[in-house]
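Chains as they are written, first to last, in my numbering: chain B, 13 to 107; chain V, 14 to 179.
Ideal Cβ positions, reconstructed from N, Cα and C, are used throughout, including at glycine.
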């Protein structure tokens with residue numbers, strides 16, 4: 013029950029929807045140098061070299077890797093940056 | 014001794030030395046090659062869809078983002094084209110050239126070389142297996158493209174090493 017001066021809002025899933033994380037995915041391509049992809053991960057995400065190399069190898073051997081997860085706006089920013097570096101990046105909502 | 018090398022010239026410049034005839038030939042072609050990034054099939058590779066199966070979201074994304082990307086790519090190509098006008102003979106290595114490159118242009122060079130390799134890769138549908146081929150035939154167009162991808166990749170590799178955070 014609402015108290016004086018307090019508006020009680022109906023329960024919605026809005027917060028849940030906004031908070032649902034997104035994965036940023038990088039796919040393998042035959043041309044990009046492994047050292048270049050590592051450098052891009054270091055620059056875009058600030059990952060240390062060992063982590064960046066591990067992700068690069070995952071992209072290379074498995075064909076794709078989730079390189080970051082989080083809010084949609086940030087994911088869009090990262091995908092745009094990765095496209096600027098000419099990596100095959102896309103985003104997927106975490107199910 | 015490594016014939017192709019990059020060394021600091023001063024605080025603000027790098028010097029690329031030992032550029033041979035093949036690499037200079039590939040670099041000469043760079044501005045013309047980069048112009049093809051705006052056309053299929055390279056365009057789809059340089060401006061990829063961010064969503065796997067949401068056509069309207071992809072359309073909206075391209076409407077908002079592509080001009081920014083294009084500016085980034087074109088600017089990098091323009092910077093490299095201006096730098097290439099300063100190619101000069103390498104006094105230490107006969108038949109080779111050198112280039113003084115502002116450190117501030119390093120990212121533009123990395124971008125332009127990578128764009129060029131990707132454009133060639135798309136134009137000639139280069140696969141992972143083809144990238145590993147060791148025998149190339151100069152009479153085959155795709156092999157010439159592969160050769161250029163490798164030659165430009167060699168220079169790119171050296172530039173990436175210089176750009177790596179210390």
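Beta-carbon contacts of residue i that lie in its chain and below 6 angstroms, excluding the five residues immediately before and after
{"i": "residue 124 of chain V", "result": "89"}
{"i": "residue 41 of chain B", "result": "100"}
{"i": "residue 50 of chain B", "result": "64, 65, 68"}
{"i": "residue 175 of chain V", "result": "19"}
{"i": "residue 49 of chain V", "result": "55, 132"}
{"i": "residue 158 of chain V", "result": "133, 137"}
{"i": "residue 103 of chain B", "result": "34, 36, 87, 91"}
{"i": "residue 79 of chain V", "result": "60"}
Three-way DSSP call (helix, strand, coil) for residue i in this model
{"i": "residue 26 of chain V", "result": "strand"}
{"i": "residue 81 of chain B", "result": "strand"}
{"i": "residue 102 of chain V", "result": "strand"}
{"i": "residue 40 of chain B", "result": "coil"}
{"i": "residue 55 of chain B", "result": "helix"}
{"i": "residue 104 of chain B", "result": "strand"}
{"i": "residue 18 of chain V", "result": "strand"}
{"i": "residue 136 of chain V", "result": "helix"}
{"i": "residue 75 of chain B", "result": "coil"}
{"i": "residue 44 of chain V", "result": "helix"}
{"i": "residue 93 of chain B", "result": "helix"}
{"i": "residue 180 of chain V", "result": "This structure gives no information on residue 180 of chain V, because the portion of chain V shown stretches from 14 to 179."}
{"i": "residue 98 of chain B", "result": "coil"}
{"i": "residue 149 of chain V", "result": "coil"}
{"i": "residue 112 of chain V", "result": "strand"}
Spatial distance of residue i from residue j (CA atoms)
{"i": "residue 75 of chain B", "j": "residue 37 of chain B", "result": "10 angstroms"}
{"i": "residue 74 of chain V", "j": "residue 68 of chain V", "result": "10 angstroms"}
{"i": "residue 100 of chain V", "j": "residue 38 of chain V", "result": "12 angstroms"}
{"i": "residue 107 of chain V", "j": "residue 97 of chain V", "result": "19 angstroms"}
{"i": "residue 107 of chain B", "j": "residue 137 of chain V", "result": "37 angstroms"}
{"i": "residue 170 of chain V", "j": "residue 25 of chain V", "result": "20 angstroms"}
{"i": "residue 13 of chain B", "j": "residue 32 of chain B", "result": "Confidence is the limiting factor: at residue 13 of chain B the pLDDT is only 46, short of 50, which leaves the residue's position unreliable, though a coordinate-based value still follows. Cα-Cα distance, rounded: 29 angstroms."}
{"i": "residue 58 of chain V", "j": "residue 135 of chain V", "result": "7 angstroms"}
{"i": "residue 112 of chain V", "j": "residue 34 of chain V", "result": "14 angstroms"}
{"i": "residue 17 of chain V", "j": "residue 120 of chain V", "result": "19 angstroms"}
{"i": "residue 82 of chain V", "j": "residue 92 of chain V", "result": "16 angstroms"}
{"i": "residue 66 of chain V", "j": "residue 105 of chain B", "result": "12 angstroms"}
{"i": "residue 122 of chain V", "j": "residue 81 of chain B", "result": "30 angstroms"}
{"i": "residue 71 of chain V", "j": "residue 62 of chain V", "result": "6 angstroms"}
Other residues of its chain near residue i: CB distance less than 8 angstroms, five sequence neighbours each side excluded
{"i": "residue 56 of chain B", "result": "90, 93, 94, 97"}
{"i": "residue 44 of chain B", "result": "98, 99"}
Neighbourhood of residue i by C-beta distance below 7 angstroms, restricted to the same chain and skipping five residues each side
{"i": "residue 115 of chain V", "result": "25, 26"}
{"i": "residue 102 of chain V", "result": "110"}
{"i": "residue 166 of chain V", "result": "130"}
{"i": "residue 87 of chain V", "result": "none"}
Within 8 angstroms of chain B by C-beta, residues of the region 154-177 of chain V in sequence order
162, 166, 169, 170, 173, 174, 176, 177
Could you tell me whether the region 114-131 of chain V touches the region 37-54 of chain V, using the rule of 3 or more Cβ pairs below 8 angstroms?
At 8 angstroms Cβ cutoff, the stretches touch.
In the region 65-92 of chain B, which residues sit with their C-beta less than 8 angstroms from some C-beta in chain V, listed in chain order?
Result list: 88, 91, 92.
Could you list the residues in the region 135-146 of chain V with a C-beta less than 8 angstroms from some C-beta on chain B, going in chain order?
139, 140, 141, 143, 144
Identify each residue in the region 62-73 of chain V for which the Cβ-Cβ distance to at least one residue of chain B is less than 8 angstroms, and report them in chain order.
Answer in chain order: 62, 63, 64, 65.
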